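Notes for the one structure printed next.
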């Protein structure tokens, strides 16, 4: 999915072994030195790149040095969002929030100072001590989302950062890694996670995914990989995200749930849990999408059933209307319980 022809890099990137390793993977790529991974002339914030969205995603890589090691408390997918080892994605899902904050084409940035990121994680987990009270995230471990701003399955094809983190968490008795993915990277099956990394495969009905999950692996392939990842030592959950409401969604999800039930074995079912996340959209992204993927906006932008709401991070977004959304969340959970009664819902919103 990524044939790198140009690499933007901060001056300090080559001082790190990981930076040199990534450059060695793409010896023929043009190298362009930039002041910062967040200051790339002609790329960052350039609305004119909308027409070249997928081309830039598929050919451009950025190497940066992570400056701030911040841990954000979270009570949904994880207990904490860890400092990211990558930002951006090779995929182009129509509903992705990242392009709102990082230019338009949103190519992958790999952070090369993995040693410092790993040490920050180790110190943070040590300071937390044992998890004394179970919560909806995990009954025993503090869970760190390591892929909030990227897809770790794709990142693992670009550098060894993901492998290093998976192995790090096997050494932390009170902590577990977690990330959501729309790709099947079987290289991850060799990482020996020992139950200390949770993979959340994102799923939606096949026809909807064909429209919205641009440049991702087919839903059937994601489901087919679940048993293999469980056998390899991963905890595997499902991520029904985003749930996009359109006519006939109940029948489409019933078919998806049956596909999951038919496609996984007893071991996977015994540990299965899920997250249910209804669509959050954004007026700015809507305008961008109209220029490169207007068919997606026919189902994503539905003002008659949506309202403006300020997110936890302070952003002004569009979500399904209060009351309307609550009824449909309840209906979704009831439908799931009928078809996958063994699949525990960790949270839904």
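Residue numbers (our numbering): 7 to 355. Cβ coordinates follow ideal geometry from the N, Cα and C atoms, glycine included. The model shown is predicted, which means the values in this text are computed figures rather than measured ones.
When rounded, the separation of the alpha-carbon atoms in residue 97 and residue 306 is 18 Å. Restricted to the region 159-203, the alpha helix (DSSP H) segments that are unbroken, complete and at least 4 residues in length are 167-175, listed in chain order. Every beta strand (DSSP E) of 3 residues or more that sits fully in the region 71-158 is shown, in chain order, as 114-117, 148-151. For residue 247 against residue 28, the beta-carbon gap comes to about 29 Å, at or over 8 Å, which does not count as contact.
Taking the Cα of residue 84 as reference, the smallest distance to any Cα among 243, 335, 39 is reached at 243.
Residue 119 and residue 265 have their C-alpha atoms roughly 41 Å apart.
In the assembly as shown, residue 91 is a buried residue. Its beta-carbon has 16 or more other beta-carbons within 10 Å. In this structure, residue 203 sits away from residue 128, with a CB-CB distance that is not shorter than 9 Å. DSSP, reduced to helix, strand and coil, places residue 353 within a strand of the structure shown. When C-alpha distances from residue 173 are compared across 152, 136, 188, 156, the shortest belongs to 152.
In this structure, the alpha-carbon of residue 211 lies about 6 Å from that of residue 258.
Restricting attention to 147, 143, 198, 220, the CA atom closest to the CA of residue 354 is found in 143. Residue 232 is positioned such that its CB atom lies closer than 9 Å to that of residue 270. Sequence-distant Cβ neighbours of residue 267 in its own chain, meaning closer than 7 Å and more than five residues away, are 345, 346.
In this structure, DSSP gives residue 337 a helical state, which the three-state scheme calls helix. In the DSSP assignment, residue 216 falls within the unbroken alpha helix (DSSP H) covering 212-218. Taking the CA atoms as reference points, residue 219 sits about 23 Å from residue 168.
Taking C-alpha positions only, residue 278 is separated from residue 263 by approximately 13 Å. Bounds of any beta strand (DSSP E) do not take in residue 240, whose DSSP letter is neither H nor E. DSSP places residue 304 in the uninterrupted alpha helix (DSSP H) bounded by 300-306. In the DSSP assignment, residue 312 falls within the beta strand (DSSP E) that extends over 312-316. Excluding five sequence positions before and after residue 286, the CB atoms of its chain that fall closer than 6 Å to its own CB belong to 323, 325, given in chain order.
For residue 12, the enclosing beta strand (DSSP E) starts and ends at 12-15. With respect to residue 256, residue 214 sits apart: the two C-beta atoms are not nearer than 9 Å. Per DSSP, the continuous alpha helix (DSSP H) segment holding residue 266 begins and ends at 255-269.
Residue 148 holds the alpha-carbon nearest to the alpha-carbon of residue 87 among 95, 43, 35, 148. Residue 284 has 249 as its beta-bridge partners, per DSSP.
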